[in-house]
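Residue numbers (the UniProt record's numbering): 1 to 236.
This is how it looks when you write it as structure tokens:
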């Protein structure tokens with residue numbers, strides 16, 4: 001007699017992982033090889049993670065962030081620097097895993113902080129007319145529909161934003177840059193990221209530290225001129 005294979009539930013393994021996390025101090029956990037830690041984080045992500053935009057919520061109040069082809073150490077260092085030198089609410093970094101052959105892409109493990117993302121805050125305060133949601137439902141669930149026509153109809157609706165309670169948010173957005181600018185510059189006059197590291201940006205490649213501000217301005221000017229030259233060539 002043949003029996004169909006019974007799928008293995010992750011629950012027993014999860015119970016073991018939970019007991020490991022609760023019994024072993026975090027510093028001792030960091031002594032494990034990075035390959036083991038990375039495997040556990042990815043397993044937790046596959047089973048229980050919930051999130052978007054490279055940010056995933058794990059059990060135990062942990063947050064996992066993928067940095068993909070960027071080094072996770074630069075971003076983790078910047079977050080730790082802001083946490084140490086300001087009162088801006090940023091996560092506490094717990095672990096940093098570089099890209100590994102078995103798991104390509106860097107990882108940052110940090111503690112969750114209470115609050116709401118700016119995207120989530122705005123989403124709850126923006127509304128559309130009832131007709132918008134009617135056509136949106138047709139677009140998502142209808143059959144034999146003209147997608148381009150429905151999208152054109154949806155684009156014709158203007159959203160309404162209720163920002164009457166935005167005072168606290170605007171105050172937070174004003175205070176954060178002021179706190180960052182209040183951090184004393186290094187005595188050497190170096191222009192760099194945190195702790196002398198390179199700059200990172202989603203819009204630019206990694207930028208090396210500069211010994212003084214004039215070198216930084218010169219480099220940025222050259223980069224801007226190069227971008228303009230490329231744009232002109234493409235237009236011509």
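All C-beta atoms, glycine included, are put in the ideal place defined by N, C-alpha and C.
If you're wondering where the values come from, they're calculated on a predicted model, not measured in any experiment.
request  = Look at the alpha carbon of residue 51 and the alpha carbon of residue 212, and state the distance between them as a whole number of angstroms.
outcome  = Near 41 Å, if we compare the C-alpha coordinates of residue 212 and residue 51.
message = For residue 207 and residue 196, I'd like the C-alpha separation in whole angstroms.
response = Between residue 207 and residue 196, the C-alpha separation is close to 12 Å.
task = With residue 148 as the anchor, note down where its alpha helix (DSSP H) starts and where it stops.
result = Segment 147 to 155, the alpha helix (DSSP H) holding residue 148.
request  = Give the secondary structure of residue 161 by DSSP, where H, G and I count as helix, E and B as strand, and everything else as coil.
outcome  = If DSSP states are grouped into helix, strand and coil, residue 161 belongs with the strands.
Nearest candidate by alpha-carbon position, reference residue 188, set 181, 209, 112 = When each option's Cα is compared against that of residue 188, the closest is 209.
query = So, residue 107 versus residue 67, is the Cβ gap smaller than 9 Å?
reply = Yes. Within cutoff.
request  = Starting from residue 96, trace the beta strand (DSSP E) both ways and give me its first and last residue.
outcome  = Residue range 93 to 97 is occupied by the beta strand (DSSP E) that includes residue 96.
request  = In the DSSP assignment, find the unbroken alpha helix (DSSP H) run with residue 143 in it and report its ends.
outcome  = Per DSSP, residue 143 is not a residue of any alpha helix (DSSP H), being assigned neither H nor E.
ask   = Unbroken alpha helix (DSSP H) runs of length 4 or more, entirely within the region 25 to 70: which are they?
value = Within the region 25 to 70, complete alpha helix (DSSP H) segments of at least 4 residues are found at 26 to 29, 34 to 48, given in chain order.
ask   = Should residue 110 go down as buried or exposed, given a rule of 16 or more other Cβ atoms within 10 Å for buried?
value = By the neighbour-count criterion, in which 16 or more other beta carbons inside 10 Å mark a residue as buried, residue 110 falls on the buried side.
task = Would you check if there are 3 or more beta carbon pairs closer than 8 Å linking the region 78 to 88 to the region 164 to 184?
result = Here the region 78 to 88 lies against the region 164 to 184, with 3 or more beta-carbon pairs under 8 Å apart.
query = Quick one, which of 133, 218, 192, 125 has its alpha-carbon nearest residue 77's?
reply = Comparing Cα-Cα distances from residue 77 to each of 133, 218, 192, 125, the minimum goes to 192.
Between the CA atoms of residue 199 and residue 222 - distance to the nearest angstrom = Near 17 Å, if we compare the C-alpha coordinates of residue 199 and residue 222.
ask   = Taking the alpha-carbon positions, what's the residue 219 to residue 190 distance?
value = If you draw a straight line from the Cα of residue 219 to the Cα of residue 190, it comes to about 14 Å.
Inter-residue CB distance, residue 97 and residue 72 (contact presumed, cutoff 8 Å) = Here residue 97 really is in contact with residue 72; their C-beta atoms are around 7 Å apart, less than 8 Å.
task = Please check the pair residue 150 and residue 138, which I expect to be a contact at CB under 8 Å, by giving their CB distance rounded to whole angstroms.
result = Confirmed, about 6 Å.
key: Host alpha helix (DSSP H) of residue 118 (start-end)   = Judged by DSSP secondary structure, residue 118 falls within the alpha helix (DSSP H) whose first and last residues are 118 to 123.
task = Specify the secondary structure class of residue 88 as computed by DSSP and reduced to three states.
result = Correct three-state label for residue 88: coil.
task = Return the chain-ordered list of same chain residues with a C-beta closer than 7 Å to the C-beta of residue 54, the five sequence neighbours on each side being excluded.
result = Setting aside the 5 residues that flank it on each side, residue 54 is surrounded in the same chain by 65, 66, each with a C-beta closer than 7 Å to its C-beta; the list follows chain order.
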